[in-house]
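S.K.: At position 38 of the sequence shown (counting the first as 1) the number is 38 in full-length UniProt numbering, and the numbers step up by one without a gap.
The structure that follows is given in the form of structure tokens.
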Amino acid sequence: MVSKNEKSPDNSKKPDNGMQKRGEEEVMAGKSSLLQVPVKRASDEDNPNLADTDSLQKENNKRNTKNIILEVSGIQRTPQKRKYPYWVKHSAGRENTEKENTDLTDMKIKIETLKTKPVLETVQFNSFPPETQKIIDPETTYLEKNSDPEKKLSGSSQVALEPKSPVSPETAPEKKVELIPETKKKGIFPPEIRPQAQKTKIKKKSRFLGKMKDLTRDIAGIKESEKLSDKLKEFFDEVKTPEGAKKKFAEVVQSLKDEELRVLPPYDPVTCGPLLEYEIPSGFTEIERYWVEEPYAFISIIENLEMKYYYVVEPTLSTYEKAVLERVRDNLEDMLTQDDMISGQDKDVILINRGMRLLDQYYSTLEVSSIHKIMYFLRRNFIGYERINALIRDPNIEDISCSGIEIPIYLYHMKHNNIVTNILFGEKEVDSLVVKLCQRSGKHISIGEPIVDATLPDGSRIQATLGKEVTTRGSSFTIRKFNGDPITPIDLIRYGTCSIEMMAYYWIAIENNISVLFAGGTASGKTSLMNAISLLIPRLSKVVSIEDTREIMLHHENWIAGATRKSFTVGGTGEVSMYELLKAALRQRPEYILVGEVRGKEALTLFQAMSTGHTTYSTMHASDVQTVINRLENEPINVPHVMMQALGVICIQMQTYVNETRVRRTKTIVEITGLDARSGSLRINELYRWEPVHDNFKRAGDSYVLNGIMKARGWNPDKLFIEFKNREQILAYLTAKQIRDYVSVSLIVHMYATNPQLVMEAVGNDTLQDMVMHHS
């Protein structure tokens, strides 16, 4: 080490400013592959600390700034006469003298001088030898410590150099010091180099990188003759394209399909114990119990002196089982998102497979009963409808109603009518459930659009509200359940909704293209009756149905099922109304048109279709015949009386009580016979009426409709009577044999239309049931 006024003993030449500038230009041009550092050296005039070093810099004009930085960093690009920077004096193995202390102070001044010049680069700390790391401090804070000079610092960091105020020689300490950075701080300027340690480090790193390259080749299947970088670039470029992404996703899907599926372990209540624990509440009596998902959930109907209760019983989880359920559920969310895209039909199988893998991996000691409990709740929450899943699965439930926050859910039960449940929701829980139900229906609900009418995947109708803006007691929903097994004419006869004679009348009327309007109050069975008698439509006829929400279910192949659509924008663009669907249906040459409910201008179009010869069936909210006529002839429908003559039959449905049991009955069937010439009003003929005293139906008079059919078909009264009685016999046979599924009923109707004699012989020989089973 030399002082600022001494010459270096190993190099008599001093840096030249010209060479220094050329070195700076090379660095600025980015020619250095090791340190691409744009360096801006301050002039000597700007830095007063270099005033005493002007002569040294002028004499060493052949040494440029680039080589200075490389040497200071411990990297020698070209052979050097000197192993260390020209201001560093090697003192290893000698005792520190007073002169060496001065040299150290001098070195500190030089380093501080260089640090005052902006260096726009970050340098990896680990790239320097250990001896360098222990001396250099990026923040120029030096500590006076008596520590081991061989102590090494670990870790890597990137340090940005900032100009610091220089330290003058006069203020430098004269005592013996050892320059060590603060703990875990890094620097960049090495006064001493250990090439062997650096080579060892590079050797280890090279060996590690070599192993990584070999491993990458093995995984990717790249041959040694192929260049690894080119293959990897080709792979990533392929994945970035849509086609490549689809290909890779297909490979992942196939790998998932090829996995061996896990299944639930067998459950034996005797050896594993019961999954459910239930005690009838004190003061209550159980009047009915039945399973909705054996062995996981059952329903207990209990009552006290005040009312009946619908009690849902599900497994009870321990604290540990709840923790396991929560963790597995969180882990399953991302996995099931991908699996849902793989197979929407096998959700249950995939969920069990993924859930069992997680349980086997993390909780292999769980008992069989605990596994079944956890998997039940996973399936209920992911695939089902969470806490109302048991209500959805119960075939005895018709309506599910949630009125708000902390209010029990109410049901309409087929046997017990209106009944309250033991299920209620908090605010966040009911909001989340409403959003989920709407998403399952393919609709969006928000505070901006808080009301949604939709259809669930199983066909059930849902009306939902979100928040307290439109329903002040909180989010609400009403689900009108759809029976997956449609109601047939045989069901209506068994329920007592109508008689065999009335159903035979419908059969002849429908077969001969008589239009019918079904009216009644809410939940009176209008749509169910229309859907049931639609099975009597000839099988090969073209049918078009139009609804707001899908409810009609037919067994006809030549059937176009239409549904309205709301607008996606505020301006109403893209909306498809019932009126537009009805206009489109008239261009499709249908023989039968079924409209879910008429309430607006589409009713006028419907009556225009009747007048042009199309057979139509529709529903309307009205409690009697006069109300139907008033609604049709006034705003907003405005159907003229002349057009109403095209309507053949009006059926009024009602919901009433028989022996304290709520039932649905056909209140009356009337025929429209024309217009009164004097008054201009409609003339009607009441054909059937319900007698509430005896709970039966009475024929009120002769049928103008049947007489018109007899004349149109060229039948005599005997032929009409035979046709009517044949249909009565078939319906009575099906009712007695309980052949009530819609496929069998539709098949028998079609068989009678093509070969009535064969069907009647089968009824007489009691072989119709075997014939149906053979053909189905």
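Where a beta carbon is used, it is the ideal one built from N, C-alpha and C, also for glycine.
Between which two residues does the beta strand (DSSP E) holding L411 run?
M.R.: Sequence index remark: in the sequence shown, residue 411 carries index 411 (1-based). From DSSP, the beta strand (DSSP E) with L411 extends over 410-413.
S.K.: Give me the Cα-Cα distance between S476 and K719, rounded to the nearest whole angstrom.
M.R.: Position 476 of the sequence shown, counting from 1, holds the residue named residue 476. Position 719 of the sequence shown, counting from 1, holds the residue named residue 719. So the alpha carbons of these two residues sit roughly 56 Å apart.
S.K.: Y412 and V516: beta carbons closer than 7 Å?
M.R.: Within the sequence shown, residue 412 is the residue found at index 412, counting from 1. Within the sequence shown, residue 516 is the residue found at index 516, counting from 1. No, they are not a contact pair.
S.K.: Could you tell me the distance, in whole angstroms, from the CA atom of Y310 to the CA atom of T612?
M.R.: Locating residue 310 in the sequence shown gives position 310, counting from the first residue. Locating residue 612 in the sequence shown gives position 612, counting from the first residue. For Y310 and T612, the distance between alpha carbons rounds to 52 Å.
S.K.: Counting only runs that start and end within the region 650-695, where is the beta strand (DSSP E) found for 3 or more residues in a row?
M.R.: List check, beta strand (DSSP E) in window: 661-675, 682-691.
S.K.: State the start and end residues of the unbroken beta strand (DSSP E) segment that holds Y380.
M.R.: Sequence index remark: in the sequence shown, residue 380 carries index 380 (1-based). Before going further, note that residue 380 is Arg rather than Tyr in the sequence given. No beta strand (DSSP E) contains R380, which is instead part of the alpha helix (DSSP H) from 368-382.
S.K.: Which residue or residues does DSSP assign as beta-bridge partners of T316?
M.R.: The residue given as residue 316 occupies position 316 in the sequence shown. Looking at the DSSP assignment, T316 forms no beta bridge with any residue, so it has no partner.
S.K.: Pull up the CB-CB distance for I593 and A609, whole angstroms please, since I reckon it's below 8 Å.
M.R.: Translated into the one-based positions of the sequence shown, residue 593 becomes position 593. Translated into the one-based positions of the sequence shown, residue 609 becomes position 609. Contact holds; Cβ gap of about 6 Å.
S.K.: If you reduce the DSSP assignment to three classes, tell me which class Q626 lands in.
M.R.: Indexing the sequence shown from 1 puts residue 626 at position 626. Of the three classes helix, strand and coil, the one that applies to Q626 here is helix, per DSSP.
S.K.: Report yes if the CB atom of I537 is closer than 7 Å to the CB atom of I510, and no otherwise.
M.R.: Position 537 of the sequence shown, counted from the first residue, corresponds to residue 537. Position 510 of the sequence shown, counted from the first residue, corresponds to residue 510. Yes, the pair counts as a contact, with Cβ atoms nearer than the cut-off.
S.K.: With DSSP as the reference, label C498 as helix, strand or coil.
M.R.: One-based indexing of the sequence shown puts residue 498 at position 498. In this structure, C498 counts as coil in the three-state DSSP scheme.
S.K.: Does the region 654-665 touch the region 676-685, meaning 3 or more C-beta pairs lie closer than 8 Å?
M.R.: In short, these stretches do not touch, since the Cβ pair count stays below three.
S.K.: Applying the criterion that 16 or more other CB atoms from any shown protein chain within 10 Å of the CB defines a buried residue, is G714 buried or exposed?
M.R.: If you number the sequence shown from 1, residue 714 lands on position 714. With fewer than 16 Cβ atoms within 10 Å of its Cβ, G714 is classed as exposed.
S.K.: Which class does M610 belong to by DSSP, given the choice of helix, strand or coil?
M.R.: Residue numbering aside, residue 610 sits at position 610 when the sequence shown is read from its first letter. In the structure shown, M610 sits in a helix (DSSP, three-state: H, G or I).
S.K.: By DSSP, does I399 sit in helix, in strand, or in coil?
M.R.: Your numbering for residue 399 matches position 399 in the sequence shown. In the sequence as displayed, the identity of residue 399 is Asp instead of Ile. Strand.
S.K.: How would you write the range of the beta strand (DSSP E) that Y290 sits in, first residue to last?
M.R.: Stepping through the sequence shown from its first residue, residue 290 is reached at position 290. It spans 285-293 - the beta strand (DSSP E) in which Y290 sits, taken as one unbroken run.
S.K.: Around the C-beta of E286, are 16 or more other C-beta atoms found within 10 angstroms, so that it is buried, or is it exposed?
M.R.: Along the sequence shown, one-based indexing puts residue 286 at 286. Burial call: exposed.
S.K.: Could you tell me if H775 is buried or exposed, where buried requires 16 or more neighbouring beta carbons within 10 angstroms of its beta carbon?
M.R.: Counted from its first residue, the sequence shown places residue 775 at position 775. By the 10 Å Cβ count, H775 comes out exposed.
S.K.: Can you tell me whether DSSP reads W507 as helix, strand or coil?
M.R.: Here the question's residue 507 lines up with position 507 in the sequence shown. Correct three-state label for W507: helix.
S.K.: Rounded C-beta distance between I397 and L264? I'm assuming under 8 Å.
M.R.: For the purposes of this step, residue 397 is taken as the residue at position 397 of the sequence shown. For the purposes of this step, residue 264 is taken as the residue at position 264 of the sequence shown. Not quite, the Cβ-Cβ distance comes to about 27 Å (not below 8 Å), so this is no contact.
S.K.: Could you work out which residue in A736, E321, N638 is closest to T365 when comparing CA atoms only?
M.R.: Taking the first residue of the sequence shown as 1, we reach residue 365 at position 365. Of A736, E321, N638, the residue nearest in Cα terms is E321.
S.K.: Between T465 and I451, how many whole angstroms is the CB-CB distance? I'm expecting something under 8 Å.
M.R.: As a first step, residue 465 is located in the sequence shown; it is residue number 465 there, counting from the start. As a first step, residue 451 is located in the sequence shown; it is residue number 451 there, counting from the start. With 8 Å as the limit, T465 and I451 qualify as a contact, their Cβ atoms being about 5 Å apart.
S.K.: On the DSSP letters alone, give me the boundaries of the alpha helix (DSSP H) that N389 sits inside.
M.R.: In the sequence shown, residue 389 corresponds to position 389, counting from 1. It spans 389-393 - the alpha helix (DSSP H) in which N389 sits, taken as one unbroken run.
S.K.: Are at least three pairs of beta-carbons, each pair with one atom in the region 574-584 and one in the region 598-605, less than 8 Å apart?
M.R.: As far as the Cβ criterion goes, the region 574-584 touches the region 598-605, which means the pair count is three or higher.
S.K.: Below 7 Å CB to CB, which residues in the same chain sit around D348 once its five sequence neighbours on both sides are set aside?
M.R.: Numbered from 1 along the sequence shown, position 348 holds the residue referred to as residue 348. Hits under 7 Å: R379, I383.
S.K.: Rounded to a whole number of angstroms, what is the C-alpha to C-alpha distance between I493 and R461?
M.R.: Residue 493 sits at position 493 when you count from the first residue of the sequence shown. Residue 461 sits at position 461 when you count from the first residue of the sequence shown. Rounded to whole angstroms, I493 to R461 spans 25 Å at the Cα level.
S.K.: Got a sec, what are the start and stop residues for the alpha helix (DSSP H) E728 sits in?
M.R.: Stepping through the sequence shown from its first residue, residue 728 is reached at position 728. Start and end: 717-737.
S.K.: Where does K322 sit, in a helix, a strand or coil, going by DSSP?
M.R.: Locating residue 322 in the sequence shown gives position 322, counting from the first residue. K322 falls in the helix class under three-state DSSP.
S.K.: Quick one: what's Y617 bridged to in DSSP?
M.R.: In the sequence shown, counting from the first residue as 1, residue 617 sits at position 617. Answer by DSSP bridge pairing, in chain order: V516, L594.
S.K.: Report the rounded CA-to-CA distance for M375 versus E557, giving the unit in angstroms.
M.R.: As a position in the sequence shown, residue 375 is number 375, starting the count at 1. As a position in the sequence shown, residue 557 is number 557, starting the count at 1. Between M375 and E557, the C-alpha separation is close to 39 Å.
S.K.: Count the other CB atoms, across all protein chains shown, that sit within 10 Å of the CB of G474; report buried if there are 16 or more and exposed otherwise.
M.R.: Locating residue 474 in the sequence shown gives position 474, where the first residue counts as 1. It is buried - the Cβ of G474 has at least 16 other Cβ atoms within 10 Å.
S.K.: Indicate the three-state DSSP secondary structure (helix, strand or coil) for T472 in the structure shown.
M.R.: Along the sequence shown, one-based indexing puts residue 472 at 472. Reduced to three states, the DSSP call for T472 is coil.
S.K.: Taking 7 Å as the cut-off, decide whether the C-beta atoms of T615 and N513 are in contact.
M.R.: Locating residue 615 in the sequence shown gives position 615, where the first residue counts as 1. Locating residue 513 in the sequence shown gives position 513, where the first residue counts as 1. Closer than 7 Å, so yes.
S.K.: Are there 16 or more other CB atoms within 10 angstroms of the CB of F377, so buried, or fewer, so exposed?
M.R.: For the purposes of this step, residue 377 is identified with residue 377 of the sequence shown, where counting begins at 1. Looking at its Cβ environment, which holds 16 or more other Cβ atoms inside 10 Å, F377 is buried.
S.K.: Could you check which residue in V693, P692, P717, V759 has the C-alpha nearest to that of Y704?
M.R.: Translated into positions along the sequence shown, residue 704 becomes position 704. The shortest C-alpha separation from Y704 is found at P717.
S.K.: Is it a yes or a no for the region 692-706 touching the region 494-509, going by three-plus beta-carbon pairs under 8 Å?
M.R.: The region 692-706, when compared against the region 494-509, does touch it at the 8 Å Cβ threshold.
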